[in-house]
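For reference, the structure is listed below as structure tokens.
Residue numbers (the numbering used here): -9 to 222.
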């Protein structure tokens, strides 16, 4: 199976740098105290870091807003996932606990200020791609049974014609929702060449934890010079 980023994407955002982690056999039913503590600590540290700061003007966030603009996405209307998380916390709110893997990814996202997602490989309809949407692609919003079509040429995470995330890192949908039975996971980290060290540090921390649980982990990167990553 492959993770492929369309070359047209790199024409608009040539400095994009994707870290990739694939894990098999994760137990998403198991309550892990380390994840609970890490999640709460990451929220508290993020709250302190962005106290009194205009999130959208932070130098940690503006690269994503600039990239959204280059991709034809209005960042004021559609916030990158990490900007949305931090904005919520900066306003004094908390992120609800969802499941062990989602909480772990959110904790790492907040610690490193990087977007990170998690997708159930067993639900894929083929390779997972970042590409422009076409008229055959469908997206089901969270907690909905009705589908919608993304805008033509909108940047999406997609497998087959099943859209996992709209507008690059804006919003995941029902078809990317993880359940307690999700065990085989594709986890992308969306960064830039300028934040390569942070992407690699996040990836390393995630891998260390997963391997400490005795899990099978595969990692890789995707850039404009190597626009796909393949795993078995």
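Glycine is no exception: its CB is placed at the ideal position from the N, C-alpha and C atoms.
In terms of DSSP beta bridges, what is residue 6 paired with?
182
Nearest to residue 92 (by Cα), restricted to the options 108, 21 and 100:
108
Per DSSP, cross-strand counterpart(s) of residue 14
206
Give me whichever residues DSSP pairs with residue 40 in a beta bridge.
Paired residue(s): none; residue 40 is not in a bridge.
In the DSSP assignment, what residue or residues form a beta bridge with residue 149?
118 and 152
Let me make sure I understand the geometry here. Which of 214, 210 and 168 has the alpha-carbon closest to that of residue 112?
168
Span of the beta strand (DSSP E) around residue -6
-8 to -5
Skipping 5 residues on each side, what residues in its chain have a beta carbon closer than 8 Å to that of residue -3?
214 and 217
So which of 104, 195 and 124 has the shortest CA-CA distance to residue 74?
104
Could you give the distance in angstroms between the alpha-carbon of residue 195 and the alpha-carbon of residue 106?
13 Å
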